[in-house]
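Here's the structure, in structure tokens; my notes come after.
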Amino acid sequence: MKKMNAAVLGVGQMGATHVQAALESPYIDKVYGFEPDPARCKSRCEELKILPASLESILADPSVGFVSIASPNETHVELAEKCMRAGKAVLMEKPMGCSLGEARHMCEVEKETGAFLQVGFELHYSQMYTRLRQWIDAGLIGTPVNDQCRYYCCEFHKKNTWRSLSTGSFLIGEKLSHYLDLQRWYFDAVPESVYSLSSAKVVPYFHHRDNHQIMTRYPDGRVAVLNFIMYIAESHLARDPLQNGKKEVDDGHFLQFHICGTKGAVEADVFKHRMRRWEFSDTPEYMDSKIVEEITFDPKKDGLLYYHNVLGQNLHVIELAATGKKPEMSAVDALNTMKLCFAAELSEDTGEIIRFDDPRLG
Ligand SMILES: NC(=O)c1ccc[n+]([C@@H]2O[C@H](COP(=O)([O-])OP(=O)(O)OC[C@H]3O[C@@H](n4cnc5c(N)ncnc54)[C@H](O)[C@@H]3O)[C@@H](O)[C@H]2O)c1
Numbered sequence: 000m001k002k003m004n005a006a007v008l009g010v011g012q013m014g015a016t017h018v019q020a021a022l023e024s025p026y027i028d029k030v031y032g033f034e035p036d037p038a039r040c041k042s043r044c045e046e047l048k049i050l051p052a053s054l055e056s057i058l059a060d061p062s063v064g065f066v067s068i069a070s071p072n073e074t075h076v077e078l079a080e081k082c083m084r085a086g087k088a089v090l091m092e093k094p095m096g097c098s099l100g101e102a103r104h105m106c107e108v109e110k111e112t113g114a115f116l117q118v119g120f121e122l123h124y125s126q127m128y129t130r131l132r133q134w135i136d137a138g139l140i141g142t143p144v145n146d147q148c149r150y151y152c153c154e155f156h157k158k159n160t161w162r163s164l165s166t167g168s169f170l171i172g173e174k175l176s177h178y179l180d181l182q183r184w185y186f187d188a189v190p191e192s193v194y195s196l197s198s199a200k201v202v203p204y205f206h207h208r209d210n211h212q213i214m215t216r217y218p219d220g221r222v223a224v225l226n227f228i229m230y231i232a233e234s235h236l237a238r239d240p241l242q243n244g245k246k247e248v249d250d251g252h253f254l255q256f257h258i259c260g261t262k263g264a265v266e267a268d269v270f271k272h273r274m275r276r277w278e279f280s281d282t283p284e285y286m287d288s289k290i291v292e293e294i295t296f297d298p299k300k301d302g303l304l305y306y307h308n309v310l311g312q313n314l315h316v317i318e319l320a321a322t323g324k325k326p327e328m329s330a331v332d333a334l335n336t337m338k339l340c341f342a343a344e345l346s347e348d349t350g351e352i353i354r355f356d357d358p359r360l361g
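Structure follows, in structure tokens:
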């Protein structure tokens with residue numbers, strides 16, 4: 000097997016997972032890390048047991064065939080373009096850009112250079128969310144018509160960090176892009192229109208909105224709703240509700256998908272580590288609904304594979320790039336998710352229902 004070297008640009012929290020995948024991949028030999036501040040670059044690379052490097056040396060080195068971008072959002076596009084133009088395969092963290100223009104530019108550069116580009120929508124690799132898709136594809140709920148996602152958390156990002164200081168509807172692209180992307184994936188269709196509302200924010204030091212109620216209309220009258228608020232849940236990042244099962248399950252966290260179809264419904268309840276499936280039937284007196292399948296995940300055994308499977312995604316994407324295959328999620332597909340995010344932002348800014356073909360979305 001021919002091995003290549005890899006580089007991770009931005010070796011903060013998420014970068015560490017990208018590093019882990021590169022170190023574990025049988026297709027990768029050396030792993031380089033880049034941070035703009037040389038002192039931080041050296042210390043983080045020491046911690047992560049990889050080699051510090053400058054951006055210029057990474058770009059100029061033909062042995063570096065694969066680059067992960069895990070730096071702050073506003074740096075993604077410039078770095079991804081440089082890497083694609085230098086002939087690297089690129090896995091870039093979401094969002095694909097801080098504006099729709101930037102996201103479109105990524106598609107143009109990908110097309111022009113013929114480079115491998117995949118955006119990190121790793122929920123496509125989670126055991127839970129892929130099982131939902133399999134249930135839908137198998138026709139077990141009939142035609143999916145209504146997709147409800149409720150996400151309550153308490154991710155009080157720290158004061159004066161790039162996340163807290165970002166403005167506008169930042170969290171839609173930064174965080175909710177994953178869930179809008181899943182809704183699009185489950186309906187397997189291009190949205191028709193979007194309407195989104197955001198109430199006055201509660202977290203005083205955020206420069207951006209902290210809640211979003213996003214309604215998307217899909218063809219044939221199908222509807223997806225995403226309801227996101229911060230603040231209620233009691234446990235927070237330091238006591239990760241996903242890892243620490245018991246108490247936090249019911250302390251205010253909700254991350255649930257309910258997808259209703261014409262023949263049944265499915266549920267993914269992340270904090271309860273549980274999935275369920277209902278079947279509808281007809282009785283002489285009423286329509287009946289029965290739970291016919293239930294799956295639970297043990298976070299101690301399954302780690303995060305059932306949910307945010309970044310490691311699994313990265314190992315797989317490295318293999319695709321190393322073996323000359325195409326990205327599993329195309330850049331155009333990722334662009335459609337970004338378009339949905341920016342349509343929701345535009346709706347919040349203007350108070351209008353935004354059609355997907357609105358000229359303001361370009
Ligand atoms: N897919 C997911 O579920 C998921 C989860 C968390 C974060 N992310 C994404 O990963 C990215 C990083 O988030 P994070 O939580 O690791 O943030 P972080 O602040 O922990 O890490 C970002 C790192 O990038 C470095 N950096 C700053 N400017 C840079 C530049 N120009 N070039 C290279 N590195 C630079 C910073 O010094 C820092 O070490 C963000 O885009 C975020 O949206 C994705």
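According to numbering that gives the first Met the number 0, the sequence shown is numbered sequentially starting from 0.
C-beta: ideal position from N, C-alpha, C; glycine also.
Asked	Found
Excluding the 5 residues preceding and the 5 following Phe205 in the sequence, name in chain order all residues of the same chain whose CB lies nearer than 8 Å to its CB.	His156 and Ser163
Can you give the Cα-Cα distance for Pro218 and Tyr194, rounded to whole angstroms?	15 Å
Taking all protein chains shown into account, do 16 or more other C-beta atoms lie within 10 angstroms of the C-beta of Lys338, making it buried, or fewer, making it exposed?	buried
Considering only residues of the region 15–56, which uninterrupted beta strand (DSSP E) runs meet the minimum length of 3 residues and lie entirely inside it, listed in chain order?	27–33
Per DSSP, what kind of secondary structure is Tyr151 in: helix, strand or coil?	strand
Taking 6 Å as the cut-off, is the beta-carbon of Ala69 closer than that to any non-hydrogen atom of ligand 1?	yes
Apart from the five residues on each side of it in sequence, which residues of its chain come closer than 6 Å, Cβ to Cβ, to Glu101?	Val76
Compare the Cα-Cα distances from Lys93 to each of Thr215, Ile171 and Gly32 and report the closest residue.	Ile171
By the three-class DSSP mapping on this structure, what secondary structure does Glu233 have?	coil
Excluding five sequence neighbours on each side, which residues of the same chain lie with their C-beta closer than 6 Å to the C-beta of Val224?	Gln147 and Met214
Going by alpha carbons, who is nearest to Trp161 out of Gly141, Thr74 and Met328?	Thr74
Contact check, Ala342 vs Cys106 under 8 Å by CB: the rounded distance?	That pair is no contact at about 17 Å.
So, at 8 Å on beta carbons, what are the nonlocal neighbours of Pro394 in its own chain, with the 5 sequence-adjacent residues on each side left out?	With the chain covering 0 to 361 only, the question about residue 394 has no answer from this structure.
Within a Cβ cutoff of 8 Å, which residues of the same chain sit near Asp287, ignoring the five residues on either side of it in sequence?	Phe279, Ser280 and Asp281
Which residues mark the beginning and the end of the beta strand (DSSP E) in which Leu8 is found?	Met3 to Leu8
Return yes when the C-beta of Gln19 is under 6 Å from any heavy atom of ligand 1, and no when it is not.	no
Could you tell me if the beta carbon of Thr142 falls within a distance shorter than 6 Å of some heavy atom in ligand 1?	no
If you follow the alpha helix (DSSP H) that Cys106 is in, where does it begin and where does it stop?	Leu99 to Thr112
Which partner residues of Pro143 appear in the DSSP bridge assignment?	Gly260
When DSSP builds the beta bridges, which residues end up paired with Gly167?	His207
Do Met91 and Ile57 come within 7 Å of each other at the CB atom, strictly closer than that value?	no
Consider the C-beta atom of Ser13 and the heavy atoms of ligand 1; say whether any pair is separated by less than 6 Å.	First, the residue type needs correcting, since residue 13 is Met and not Ser in the sequence shown. Yes - ligand 1 has a heavy atom lying nearer than 6 Å to the Cβ of Met13.
Among the candidates Gly86, His207 and Val7, whose CA atom is the shortest distance from the CA of Leu50?	Val7
Pull up the distance between the alpha-carbon of Cys82 and that of Val189, whole angstroms please.	30 Å
May I have the straight-line CA-CA distance separating Met274 from Arg130, to the nearest angstrom?	9 Å
Using only alpha-carbon positions, find the residue among Thr16, Ser24 and Ser234 that is nearest to Thr322.	Ser24
Output the boundary residues of the beta strand (DSSP E) element that contains Arg130.	It is not in any beta strand (DSSP E) - Arg130 instead sits in the alpha helix (DSSP H) that spans Gln126 to Asp136.
CB-CB under 7 Å to Phe186, same chain, minus the five flanking residues each way: which ones, in chain order?	Pro143, Asp146, Tyr217, Arg221 and Ala223
Tell me the rounded alpha-carbon separation between Tyr151 and Lys1.	45 Å
Once the 5 residues before and after Arg276 are set aside, which same chain residues still bring their CB inside 8 Å of it?	Trp134, Leu139, Ile140, Gly263, Ala264, Val265, Glu266, Ile290, Val291, Glu292 and Glu293
Considering just the uninterrupted stretch of the beta strand (DSSP E) at Phe341, what are its terminal residues?	No beta strand (DSSP E) holds Phe341; the alpha helix (DSSP H) holding it covers Ala330 to Thr349.
Buried or exposed for Lys174, going by 16 or more other Cβ atoms inside 10 Å?	buried
With contact counted as at least three CB pairs below 8 Å, one residue from each stretch, are the region 311–326 and the region 21–37 in contact?	yes
Measure from the alpha carbon of Arg183 to the alpha carbon of each residue in Glu80, Thr336 and Pro37, then state which is nearest.	Thr336
Can you have a look at Ile231 and say buried or exposed, based on whether 16 or more other CB atoms are within 10 angstroms of its CB?	exposed
Helix, strand or coil: which one does DSSP assign to Ser176?	helix
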